[in-house]
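Residue numbers (this note's numbering): 48 to 200.
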């Protein structure tokens, strides 16, 4: 699947579509993504700010997807854990950006080379249009190099 096709699919995926989460960009090289959570009457909380569950949901799949595609089919990649710290109320549309560096990829490849599991935390800030941090999200990924396939006789 291409990044453009995945972006379209994710934007039509009901958990994103019905919560006004919109994937604006997935890099052609699978190294970056940008997501917006639009504030709407149906996705705000009781005190008229962005619902915390949506703040986490808008960030949920992206580190796993970026790492999975950057490493290729020889690796198993799963979400292992997640945490969110609410910094201030989201009173408008909010954004999250994800950037996977060459150094991150090289480090993951080196750690996974022995075949053992690798656990790595990735951090993302959810910000408003002025760049003020609304929430800090941490996602822990599990990855492991797949065992080589053996020929059956």
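Backbone N, C-alpha and C define an ideal beta-carbon position, used for all residues, glycine too. Computed from a prediction, not measured in an experiment: that's the story for all the values here.
Query, Result
"Can you round the beta-carbon distance between residue 186 and residue 126 to whole angstroms, since I take them to be within the 8 Å contact cut?", "6 Å"
"Which parts of the region 93-145 are runs of the alpha helix (DSSP H), unbroken and 4 residues or longer, counting only runs that do not cross its ends?", "99-104, 109-118"
"Three Cβ pairs or more, each shorter than 8 Å: is that satisfied between the region 150-160 and the region 94-107?", "no"
"In chain order, what residues of the same chain lie with their CB nearer than 7 Å to the CB of residue 71, ignoring the 5 residues before and after it?", "81, 82, 83"
"Would you call the region 125-142 and the region 172-187 in contact, with 3 or more CB pairs under 8 Å?", "yes"
"Label residue 116 either buried or exposed according to how many other C-beta atoms from any shown protein chain fall within 10 Å of its C-beta, with 16 as the threshold for buried.", "buried"
"Return the first residue and the last residue of the alpha helix (DSSP H) that residue 149 is part of.", "149-159"
"When you compare only the Cα positions, how much space is there between residue 188 and residue 133?", "21 Å"
"Determine the closest residue to residue 154 out of 173, 145, 170, 118, with distance taken between C-alpha atoms.", "118"
"Tell me the DSSP bridge mates of residue 166?", "189"
"Please tell me whether residue 97 and residue 141 are closer than 7 Å, where the distance is taken between their beta carbons.", "yes"
"Would you say residue 121 and residue 193 are within 7 Å of each other, going by their C-beta atoms?", "yes"
"Counting C-beta neighbours from all protein chains within 10 Å, is the total for residue 164 16 or more, i.e. buried, or is it exposed?", "exposed"
"Thinking C-alpha only, which one of 62, 67, 73 is nearest residue 48?", "73"
"Measure the alpha-carbon distance for residue 95 versus residue 109 and round it to whole angstroms.", "27 Å"
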